[in-house]
Amino acid sequence: MHGFWGRFSKNKSAVLGLFILCLVIFLAAIANWIYPDDPFRLAGKPMSIPGTNGFLLGSDTLGRDVASGIAHGAKTSMLIGLLATVAAVFIGIIFGALAGYYGGIIDDALMRITEIFQTIPSFVFAILLVAIMKPSIESIVIAITVVSWPAVARLVRGEFLSLKTREFVQACHTLGMSDSRIMIREILPNCLSPVIVIGSLMVATAILIESGLAFLGLGDPNIMSWGFQIGAGRTMLRSAWWVCTFPGIAILITVLAINLVGEGLNDAFNPRLRERN
Amino acid sequence: MFKQIKYIFLFSFMLFGFSIYAQKSGGTLVYLVQPEPPSMASYISTSGPIGLVAPKIYEGLFDYDNDGQIVHVLAAGHTVSNDGKTVTFNLRKGVKWHDGKPFTSDDVAFTVMNVLKKFHPRGPNSFREVTRIDTPDSHTAIFKLRKPAPYMLRALSAYESPIVPKHHLEGTDIKSAKLGNKPVGTGPFKFVEWKKGQYVRLEKNKNYWRKGLPYIDRVVGRFVPDASTRTAAMENGEVLYAAYNAVPNIDAVRLKKREDISVTTDGYSMINPVALIEFNAKEGPFANPAIRRAISLAIDRQFMIDNIFFGYGKPATSALSTNFKPTGLYASMPNYPARGDIAAAKAELDSAGIKPDVNGVRVRAILDLIPYGEDYRRAGEYLKQVLGDIGIKLELRYEDVPTWLKRIYHNYDFVMNLNYFYQLPDPVLGVHRHYGTDQIRKGTHFVNSSRYSNPELDQLLASGAIEANAQKRTQIYKKVQEILARDMPVVNLFEMQFLTVYNTKLKGANNSALGPYSSFSEAYLD
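Going line by line, the protein sequences match chains A and B. Just so you know, we're using the numbering used here here: the first sequence kicks off at -8 and counts up by one. Just so you know, we're using the numbering used here here: the second sequence kicks off at 3 and counts up by one.
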């Protein structure tokens, strides 16, 4: 593991990304402690400029605290990002593993299904799904999962296709191991590193999709999120810039940090690739 | 000598006066029509954007000035018989349709009996007591009524009851007649062209019966779907007039500061919109009037107006809007505090035995929101917070328009709904539909969805509709408002103020109570 961290820490921007990400997770963790009140609470004078009336980052049209919204929104963004990614990776691995391992008609059938999902533009599809179900945190996680898993399925299938012809897998066959054991115990661990990389990037995409949905008014109206804050503040951008700006910066920094970490993981898992560059 | 001085004085005064009041003729008036109207058939649809165009082409028997007083248009005069059951209109002579045919009493009789009473959304209500229209000569129309209908005289504007040419509609299928897209009226402007998705163009009617009018040569209504583009067009003087919040409030507040742009809330009193909460008064947590009263007590109406609608609006103080003050029907009522009274609201709930549990929650419910845009979401978020303070824990639900309409007016699958209603120029036209037992009409939109039913109130509404004596009518509606302030099947929040943003170059465009739904006959460019 020391070697892994050594390779990861060689990429300075990845370390910076990890540091920022840890800060965001820390913020999400202590949100309830530093801002114990409901972030929707009308905390004071509406449209306060940052630094006045006890608002660190100002207040919005209804007098809600922007800073409290960012802290609680971090929780929402992290939660949705992680849940949707875990679900998408899980579904993607099942589809990809079965398709890649068995090949033939199973591969054809599963890949055609995957392609159906891939051909629809993902954000439009997510909007459609949330609009059909009623906007809530569950429907948003489901929508993001549904549009995200095909990429994982494709990747896992490719890895399985190449790994299943290797000697160690053939050796397992001759030892009489069952298919499921070969898939789960032998092949899967060997293709996990690209899955972890793509998964880390998917967290960032999930946060962006959630923000986009909330911005368009398709977020859960009962849960504070960064996209919601931007959507609520966009009409008064010219008179109260801070309502949109700070949540926007929060999204930018978080997504950037996750991307940097993802790149760092990629470098660490595939050291030869980096040296080639 | 003295006499001469007097004449000189008088003459110079006239000159001076003339130079101030001289209206310039000519020019093109470009204004925003938002959204594009589905048709120009104002005689079968009350859709807002139709109202922005059609009343320039068609006229009504009456118009109403900014104080709500009757202005005679196609009717040169009218008399109401002592029993209120005969209304005689003396029509203007020498009025011609845009195609050159003369306008006669036959047109009026046909319009009311065969078009408005049958196909117009509100016409069957406005003219429900009219049994027959006699036309003894070409310029007299005598309306025979079953019962007195004083409210009918408030519904005769070009927007509410346009008079249409009989010779274009007789014998055709009125719903799909060609006239719907190529209107022919008697008004100050003639229809010329409708480029779908772009504009509608009208030309000055040179034979208009009001000599010297209109001043403007050409009127162009532009359709611009994007709000910020509309604001920009207003800002750089491309368009001169934008009504019904075509320029959003937030931008209007900013544009108002400019010297060449003015903002007015005049011209909406005949529409009379009121923001409100409808309750399911029949089942669920809000069947108890005490909790509905508590909600009315808790809400800070002024806060909503100031922070969500940018200061445009007036706190509601009764079931009727203060726009009914000139007709004497409005009465101020308790239970509508402008600033909200949390303590009183809690006391109301406590005395009704609705006690909080260990978490301070008394009632949990879902608040449906009218899906007409961001402002109503903000309003919902505010309500959630303020009612949370008195122990009513809300969840917000925001759906698409058809689903929402079906939920509220067809399935009655709601407990609390944020909405707004047009109260129109008379309570019979706009308010009765919200409370009467006969207005519990499953599947019909914007009627009594609370399913509130009170025989005493029904009785009062019925007598209010036919009462011709103004003082007695005031008494009846006072009682109506007292009952509604006590039972609160609907909590009125505030009287909405729509905005008209216009370039100061444009003058004389806001002379009617119908505002944007009136003609531009007296408008001119300076």
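All C-beta atoms, glycine included, are put in the ideal place defined by N, C-alpha and C.
With distances taken between CB atoms, is the gap from residue i to residue j smaller than 7 Å?
{"i": "B:LYS258", "j": "B:VAL249", "result": "no"}
{"i": "A:ILE178", "j": "A:LEU146", "result": "no"}
{"i": "A:PHE151", "j": "A:GLY91", "result": "yes"}
{"i": "B:MET490", "j": "B:ARG256", "result": "no"}
{"i": "B:LEU369", "j": "B:LEU398", "result": "yes"}
{"i": "A:LEU73", "j": "A:PHE86", "result": "no"}
{"i": "B:VAL194", "j": "B:GLU205", "result": "yes"}
{"i": "B:ALA525", "j": "B:ILE218", "result": "yes"}
{"i": "B:GLY189", "j": "B:GLU61", "result": "yes"}
{"i": "A:GLY49", "j": "A:PRO41", "result": "yes"}
{"i": "B:PRO358", "j": "B:GLY390", "result": "no"}
{"i": "A:ALA65", "j": "A:VAL15", "result": "yes"}
{"i": "B:MET498", "j": "B:PRO216", "result": "no"}
{"i": "A:LEU209", "j": "A:PRO112", "result": "no"}
{"i": "A:GLY253", "j": "A:SER191", "result": "yes"}
{"i": "B:THR88", "j": "B:ASP108", "result": "no"}
{"i": "B:ALA56", "j": "B:PHE91", "result": "no"}
For residue i and chain A, any beta-carbon pair shorter than 7 Å?
{"i": "B:TYR519", "result": "no"}
{"i": "B:GLU397", "result": "yes"}
{"i": "B:ASN361", "result": "no"}
{"i": "B:ASN421", "result": "no"}
{"i": "B:TYR400", "result": "yes"}
{"i": "B:ASN1", "result": "Given that chain B is displayed from residue 3 to residue 528, the structure contains no residue 1 of chain B and the question cannot be resolved."}
{"i": "B:ASN456", "result": "no"}
{"i": "B:ASN309", "result": "yes"}
Please confirm whether residue i has its beta-carbon closer than 7 Å to some beta-carbon of chain B.
{"i": "A:THR213", "result": "According to the sequence displayed, residue 213 of chain A carries Asn and not Thr. Yes, A:ASN213 counts as interfacial toward chain B."}
{"i": "A:PRO238", "result": "no"}
{"i": "A:PRO124", "result": "The displayed chain sequence assigns Met, not Pro, to residue 124 of chain A. Output row for A:MET124: interface = no."}
{"i": "A:LEU53", "result": "yes"}
{"i": "A:PRO27", "result": "no"}
{"i": "A:PHE31", "result": "yes"}
{"i": "A:THR110", "result": "no"}
{"i": "A:THR43", "result": "no"}
{"i": "A:MET102", "result": "no"}
{"i": "A:THR196", "result": "no"}
For residue i, which of helix, strand or coil comes out of DSSP?
{"i": "A:SER4", "result": "helix"}
{"i": "B:HIS74", "result": "strand"}
{"i": "B:MET115", "result": "helix"}
{"i": "B:TRP211", "result": "coil"}
{"i": "B:PRO104", "result": "strand"}
{"i": "A:GLY(-3)", "result": "helix"}
{"i": "A:THR105", "result": "helix"}
{"i": "A:LEU251", "result": "helix"}
{"i": "B:SER264", "result": "strand"}
{"i": "A:THR67", "result": "helix"}
{"i": "B:HIS169", "result": "helix"}
{"i": "B:ASN494", "result": "strand"}
{"i": "B:ALA525", "result": "coil"}
{"i": "B:LYS206", "result": "strand"}
{"i": "B:VAL249", "result": "coil"}
{"i": "B:ASN127", "result": "helix"}
{"i": "B:VAL449", "result": "coil"}
Nearest to residue i by CA position, among the options, is which residue?
{"i": "B:GLY330", "options": "B:GLU237, B:TYR479 and B:LEU389", "result": "B:TYR479"}
{"i": "B:LEU508", "options": "B:LYS213, B:TYR243, B:ALA77 and B:GLU285", "result": "B:TYR243"}
{"i": "B:GLU131", "options": "B:VAL114, B:ALA151 and B:PHE112", "result": "B:ALA151"}
{"i": "B:PHE312", "options": "B:GLU205, B:ASN247 and B:TYR332", "result": "B:ASN247"}
{"i": "A:LEU207", "options": "A:PRO141, A:GLY255, A:LEU119 and A:PHE237", "result": "A:LEU119"}
{"i": "B:LYS192", "options": "B:ALA340, B:ASP101, B:ARG443 and B:THR90", "result": "B:ASP101"}
{"i": "B:GLU38", "options": "B:VAL202, B:GLU61 and B:LYS474", "result": "B:VAL202"}
{"i": "B:GLY70", "options": "B:GLN25, B:THR233, B:GLY517 and B:LYS444", "result": "B:GLY517"}
{"i": "B:THR30", "options": "B:ALA347, B:TYR454 and B:GLU240", "result": "B:GLU240"}
{"i": "B:GLY382", "options": "B:LYS481, B:ARG303 and B:HIS80", "result": "B:ARG303"}
{"i": "A:PHE116", "options": "A:LYS3, A:ALA134, A:ALA144 and A:SER184", "result": "A:ALA134"}
The ligand ADP and residue i: does the residue's C-beta get closer than 6 Å to at least one heavy atom of that ligand?
{"i": "A:PRO212", "result": "As far as ligands go, the structure on display features none, and thus does not contain the ligand ADP."}
Notebook entry, point to check: Which residues, in order along the segment 59 to 88 of chain A, keep a beta-carbon less than 9 Å from a beta-carbon of chain B?
Noted result: none
Next item on the list: Pull out every residue of the segment 379 to 390 of chain B whose Cβ sits closer than 9 Å to any Cβ of chain A, in chain order.
Entry: Under the 9 Å Cβ criterion, the segment 379 to 390 of chain B contributes ARG379, ARG380, GLY382, GLU383, TYR384, LYS386, GLN387, VAL388 and GLY390.
Notebook entry, point to check: Name the residues in the segment 227 to 254 of chain B whose C-beta lies less than 8 Å from a C-beta of chain A; which are they?
Noted result: PRO250 and ILE252
Next item on the list: Closer than 9 Å, Cβ to Cβ, to anything on chain A: give me those residues from the segment 254 to 279 of chain B, in chain order.
Entry: VAL255 and ARG256
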